[in-house]
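Numbering (my numbering), first residue to last: -13 to 145.
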């Protein structure tokens, strides 16, 4: 696979004594067949470079671990159940790629191109009055910028 978006990840396969373990193209294709969608090019690169073990998002409880017992189907289901519980509707098709549990996760929308922005869902943002509310915030202009920032952070602070 030619790496166009995640050159920094390709050049940094190991940070703080943790190595990325890539996912074969064949397994990425199987995921796409199972979800009946083409994943964004940048996310395909991410899976290829580090989708089968600890990687740039290993600080999450459930990062992208797609090995013999893939986490992603349950991850997608948990997010949708949390939205329902919180009374939040997302009308667009999205993919959760990392979470801290049901109430906090990072995701992208499928309809925002080959290097989509990254969003953060949280069930308990706090307003000025101290009241909690569920919501979505855009946290990176693109998935590649998100991963590059993770790499920089890991190189500076470790895992």
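Here a beta-carbon is modelled for each residue, glycine too, at the ideal position from N, C-alpha and C.
Secondary structure of residue 83 (DSSP, three-state): strand. Under DSSP, residue 123 forms a beta bridge with 106. Residue 130 sits in a helix when the DSSP states are folded into three classes. For residue -11, the secondary structure class from DSSP, reduced to helix, strand or coil, is coil. Partner residues in the beta bridge of residue 112, as assigned by DSSP, are 118. By the Cβ-count criterion, residue 27 is buried, with 16 or more other Cβ atoms from all chains shown falling within 10 Å of its own Cβ. The C-beta distance from residue 17 to residue 34 rounds to 12 angstroms, too long to meet the 8 angstroms contact threshold. For residue 93, the uninterrupted beta strand (DSSP E) segment begins and ends at 90 to 95. In this structure, residue -13 sits away from residue 36, with a CB-CB distance that is not shorter than 9 angstroms. When DSSP reads this structure, residue 0 sits in a beta bridge with 5. If you look at residue 59, you'll find it in the alpha helix (DSSP H) that goes 58 to 72. DSSP places residue 143 within a helical segment (H, G or I) once states are collapsed to three.
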